[in-house]
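Numbering (this note's numbering), first residue to last: 2 to 141.
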């Protein structure tokens with residue numbers, strides 16, 4: 002069972018990560034070691050060529066990793082990204098994006114994660130991200 006609920010995480014997005022809330026980003030499902038987040042399509046998130054911008058997909062992937070980490074360690078606001086890598090695999094359609102995050106390894110001070118991003122209309126992989134989060138000592 003996760004140490005923070007989907008509702009608690011979405012409230013955290015509204016209160017602490019205003020940029021995510023402004024984009025309509027929300028956590029849809031959470032279980033221990035896994036999270037599913039949605040980024041609603043907005044015309045303002047497209048770039049020339051009609052594709053959803055890379056920075057928007059990066060923000061979605063990073064927020065999904067944060068959800069996975071907090072689901073495992075609880076509401077630790079100062080858990081932060083220390084490494085992030087993303088591969089853009091195909092041009093996403095102009096529709097909502099879904100990020101499916103999973104834990105690879107959880108240690109005392111570091112968490113290693115991966116996120117697969119797909120469109121809401123099919124399950125074709127759009128981007129794949131890996132990252133590492135630093136966990137503060139004592140869960141501060």
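Glycine included, every Cβ here is placed at the ideal spot set by N, Cα and C.
- Within the same chain, 92, 93 come within 7 Å of residue 52 by CB-CB distance, once the 5 residues on both sides are set aside.
- Positions of the beta strand (DSSP E) runs, each at least 3 residues long and wholly inside the region 5-73, are given as 27-32, 35-40 in order along the chain.
- Taking all protein chains shown into account, residue 96 has fewer than 16 neighbouring C-beta atoms within 10 Å of its C-beta and is therefore exposed.
- Secondary structure of residue 139 (DSSP, three-state): helix.
- Remark: C-beta atoms of residue 89 and residue 132 do not approach each other more closely than 7 Å.
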